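*Asks:* Each number in my numbering corresponds to the 1-based position in the sequence shown with 1088 added. Just so you know, even glycine gets a beta-carbon here, dropped at the ideal spot from N, CA and C. None of these values were measured; they are calculated from a predicted model.
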Amino acid sequence: MIESLVTQIEARFAELSREITDPAVIADRERYAQTG
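1. On the DSSP letters alone, give me the boundaries of the alpha helix (DSSP H) that T1095 sits inside.
2. Would you tell me roughly how many angstroms separate the C-alpha atoms of T1095 and M1089, rounded to the nearest one?
3. Within a Cβ cutoff of 7 Å, which residues of the same chain sit near T1123, ignoring the five residues on either side of it in sequence?
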């Protein structure tokens, strides 16, 4: 069970890491605020 949660957290972290450097997300202040 804990391994599943760790996997989910790692996947979400990777997704957020990609989004926070995406120029489209940075240009959209509302989405950037939700991401960061």
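*Replies:* Taking the structure as given:
1. I1090 to I1108
2. 10 Å
3. L1104, E1107, I1108 and V1113
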